[in-house]
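> Residue numbers (the working numbering): 26 to 325.
All C-beta atoms, glycine included, are put in the ideal place defined by N, C-alpha and C.
Just so you know, these numbers come straight off a predicted model, no measurement behind them.
Now the structure itself:
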């Protein structure tokens, strides 16, 4: 049985007129008659009583009609769903993000632009640090990640830099260095540092070590926070100093906390999107294209 058999049967059952049913379907009356007769042969039963003046459903036809209509509706609904998914207009995209990505505004802008362009595609957001995001991407549990480079990428995963922002020093408000307008890196050699609880190869842990190498010292890491908000809170409590991105400085104000720029050549932190190189899902590919447009716009 084919869909054309169901459509032919339903058109005749609804109009009880072969010529009008054929016109509705855009086919000739003989072609419609052939399809209905073919369906009756397949089922082994007469569905219509036909005379020169009338067409009526048989008892078998009435029973078949009860299920044929919903069956065709279900198939057509599935067909529409498949077409929408193929055009990236329907589906689910699982997005991970480092907590610091929210402060830049870039994550919010990306989500808002996507929801406006593709309102039927569901975004499922999950806050994760960069390394767990990359693991989830490699295992297929995430589709897009907003991470803080530089990470070691799993096979088949690529990144796209979306934002590059200067690093500032967060320090307690009563700290002696807070009286300066800019702080030389050498002055931090004996300072205790607070960093996010992450691997040394990524994000602000990496930036803190790079800062020390610039001035020939190894930073003294005394405490870790779960994320940059926790780090800022620890700094405000006087535990130490920390490197933070400019977006955090602009967004987060805490009692006892202040920010100062670093003197000399600025250090920068990047925010990047991570995704599978050979992504197959149309909706995820469409999201990646949107992120590429955002990156070009930011660079231009």
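Determine the direct distance from the alpha carbon of residue 271 to that of residue 183, and round the result to whole angstroms.
What you label residue 183 is simply residue 158 of the chain shown in a count that begins at 1. What you label residue 271 is simply residue 246 of the chain shown in a count that begins at 1. Those two C-alpha atoms are separated by around 25 Å.
> Please state the DSSP three-state secondary structure of residue 43.
Taking the first residue of the chain shown as position 1, residue 43 is located at position 18. Helix at residue 43.
> Please identify the residue among 213, 88, 256 whose C-alpha is closest to the C-alpha of residue 238.
Position 213 of the chain shown, counted from the start, is the residue given in the question as residue 238. Looking at the Cα atoms, 213 is the closest of the given residues.
> To the nearest angstrom, how far is the alpha carbon of residue 321 from that of residue 135?
Locating residue 321 in the chain shown gives position 296, where the first residue counts as 1. Locating residue 135 in the chain shown gives position 110, where the first residue counts as 1. Cα-Cα distance, rounded: 13 Å.
> In chain order, what residues of the same chain have a beta carbon less than 6 Å from the beta carbon of residue 295, not counting five sequence neighbours either side?
What you label residue 295 is simply residue 270 of the chain shown in a count that begins at 1. Excluding positions up to five away in sequence, the list reads 174, 186, 189.
> What three-state label does DSSP hand residue 200 in the structure shown?
Locating residue 200 in the chain shown gives position 175, where the first residue counts as 1. Coil.
> In chain order, what residues of the same chain have a beta carbon less than 7 Å from the beta carbon of residue 208, not counting five sequence neighbours either side?
Position 183 of the chain shown, counted from the start, is the residue given in the question as residue 208. Once the five neighbours on either side are set aside, the close Cβ partners of residue 208 are 194, 202, 285, 287, 288.
> What's the C-alpha gap between residue 115 and residue 219?
As a working note, residue 115 is residue 90 in the chain shown. As a working note, residue 219 is residue 194 in the chain shown. Only weak support exists for where residue 115 lies, its pLDDT of 49 falling under 50; the value from the coordinates is given anyway. So the alpha carbons of these two residues sit roughly 43 Å apart.
> Which runs of the beta strand (DSSP E), 3 residues or longer, sit entirely within the region 271-309?
As far as the region 271-309 is concerned, its whole beta strand (DSSP E) runs of at least 3 residues are 282-286, 293-301.
> Excluding the 5 residues flanking residue 140 on each side, which residues of the same chain have their C-beta closer than 8 Å to its C-beta?
Sequence index remark: in the chain shown, residue 140 carries index 115 (1-based). Only 148 meet the Cβ criterion.
> Specify the secondary structure class of residue 152 as computed by DSSP and reduced to three states.
Translated into the one-based positions of the chain shown, residue 152 becomes position 127. Looking at residue 152 - three-state DSSP - the assignment turns out to be strand.
> DSSP has residue 193 in a bridge; who is on the other side?
On the chain shown, residue 193 is found 168 positions in, with the first residue counted as 1. Note: residue 193 sits in a beta bridge opposite 269, 286.
> Could you round the C-beta distance between residue 162 and residue 274 to whole angstroms and report it? I think they count as a contact, below 8 Å.
The residue you call residue 162 lines up with position 137 of the chain shown. The residue you call residue 274 lines up with position 249 of the chain shown. Going by Cβ atoms, the distance from residue 162 to residue 274 rounds to 29 Å, so no, they are not a contact pair.
> So, helix, strand or coil for residue 171, using DSSP?
Here residue 171 refers to the residue found at position 146 when the chain shown is read from its first residue. Strand at residue 171.
> Please report the residue range of the beta strand (DSSP E) in which residue 121 lies.
What you label residue 121 is simply residue 96 of the chain shown in a count that begins at 1. It spans 116-122 - the beta strand (DSSP E) in which residue 121 sits, taken as one unbroken run.
> Do the CB positions of residue 236 and residue 248 come within less than 7 Å of each other?
By 1-based counting over the chain shown, the position of residue 236 is 211. By 1-based counting over the chain shown, the position of residue 248 is 223. No, these two residues do not count as a Cβ contact at 7 Å.
> Our contact map puts residue 88 next to residue 34 with C-beta atoms below 8 Å; I'd like the distance itself, whole angstroms only.
Within the chain shown, residue 88 is the residue found at index 63, counting from 1. Within the chain shown, residue 34 is the residue found at index 9, counting from 1. Rounded, the Cβ-Cβ distance is 12 Å, inconsistent with contact.
> Report back the beta-carbon spacing between residue 130 and residue 151 to the nearest angstrom; my notes put them in contact at under 8 Å.
Locating residue 130 in the chain shown gives position 105, where the first residue counts as 1. Locating residue 151 in the chain shown gives position 126, where the first residue counts as 1. With a Cβ gap of about 19 Å, residue 130 and residue 151 do not count as contacting.
> Using 10 angstroms around the beta-carbon of residue 41, count the other beta-carbons present and answer buried if the total reaches 16, otherwise exposed.
For the purposes of this step, residue 41 is taken as residue 16 along the chain shown, with counting starting at 1. Residue 41 is exposed by the Cβ-count criterion.
> Do you know offhand how far residue 230's Cα is from residue 257's?
By 1-based counting over the chain shown, the position of residue 230 is 205. By 1-based counting over the chain shown, the position of residue 257 is 232. Computed Cα separation, rounded: 14 Å.
> From residue 117 to residue 293, what distance separates their C-alpha atoms?
Along the chain shown, one-based indexing puts residue 117 at 92. Along the chain shown, one-based indexing puts residue 293 at 268. The straight-line gap from Cα to Cα measures roughly 33 Å.
> Enumerate in chain order the residues of its own chain whose CB-to-CB distance from residue 113 is below 6 Å, with the five nearest sequence positions on each side excluded.
Counting from one through the chain shown, the residue named residue 113 turns up at place 88. Here residue 113 scores only 46 on pLDDT, less than 50, and its place in the model should not be relied on; the value that follows carries that caveat. Correct list, in chain order: 307, 308, 311.
> Output yes or no for whether 7 Å exceeds the beta carbon distance between residue 263 and residue 197.
By one-based count along the chain shown, residue 263 stands at place 238. By one-based count along the chain shown, residue 197 stands at place 172. A contact, by the Cβ cut-off of 7 Å.
> Could you say which of 280, 55, 269, 156 lies nearest to residue 128 if we only look at CA atoms?
Looking up residue 128 in the chain shown gives position 103. Cα-wise, what sits closest to residue 128 is 269.
> Considering residue 137, what are the terminal residues of the alpha helix (DSSP H) in which it resides?
In the chain shown, residue 137 corresponds to position 112, counting from 1. 131-142 is the extent of the alpha helix (DSSP H) around residue 137.
> Indicate whether residue 97 and residue 38 have their beta-carbon atoms separated by less than 7 Å.
As a position in the chain shown, residue 97 is number 72, starting the count at 1. As a position in the chain shown, residue 38 is number 13, starting the count at 1. Their beta carbons are not under 7 Å apart, which means residue 97 does not touch residue 38 by this criterion.
> How should residue 290 be labelled, buried or exposed, when 16 other C-beta atoms within 10 angstroms of its C-beta is the threshold for buried?
As a working note, residue 290 is residue 265 in the chain shown. It counts as exposed.
> Terminal residues of the continuous beta strand (DSSP E) containing residue 81?
Looking up residue 81 in the chain shown gives position 56. Looking at the DSSP string, the run of the beta strand (DSSP E) that includes residue 81 is 80-82.
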